[in-house]
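Here's the structure, in structure tokens; my notes come after.
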Amino acid sequence: MAPKCGMCDKPATTQCEQCGMPLCEEHMTHGIQFRTNNPTIHCPNCESNITRLTKRIILVLTIGLIIGVIFLIWYLDSVFYLF
Ligand SMILES: [Zn+2]
Ligand SMILES: [Zn+2]
Numbered sequence: 030m031a032p033k034c035g036m037c038d039k040p041a042t043t044q045c046e047q048c049g050m051p052l053c054e055e056h057m058t059h060g061i062q063f064r065t066n067n068p069t070i071h072c073p074n075c076e077s078n079i080t081r082l083t084k085r086i087i088l089v090l091t092i093g094l095i096i097g098v099i100f101l102i103w104y105l106d107s108v109f110y111l112f
């Protein structure tokens, strides 16, 4: 007897690498890969957690970049009197 998918009643073919939930073909999602060539398999729950985390990292980086650009302009302005 094959294990059932955690999201529906179809037989599971694989499992989530994050939480170990059994998943069918339909519900398995390939996660974002960091430093690995092997595609990681995640359930929709873990996938949304990872996506949220990634979005937060991108937001922080964007804010950091904007602050960096402002400081760069301010620095160049004080050195070269651009404005
Ligand atoms: Zn399923
Ligand atoms: Zn999971």
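Take the position in the sequence shown, starting the count at 1, then add 29; the result is the number in the working numbering. Don't be surprised by glycine CBs; every beta carbon is placed ideally from N, CA and C.
If I follow the unbroken alpha helix (DSSP H) through GLU55, where does it start and stop?
That residue, GLU55, is in no alpha helix (DSSP H); it is neither H nor E in DSSP.
Just the Cα atoms here: how many angstroms apart are TRP103 and ILE87?
Looking at the two C-alpha atoms, the distance is approximately 24 Å.
I'd like to confirm the pairing. Which residues does DSSP put opposite THR80 in its beta bridges?
The partner list for THR80 (beta bridge, DSSP) is empty, contrary to what the question assumes.
Hey, would you say CYS72 sits closer than 8 Å to HIS59, going by beta carbons?
The answer is no: Cβ separation not under 8 Å.
Output yes or no for whether 8 Å exceeds the beta carbon distance between CYS53 and CYS37.
In this structure, CYS37 lies closer than 8 Å to CYS53 by Cβ.
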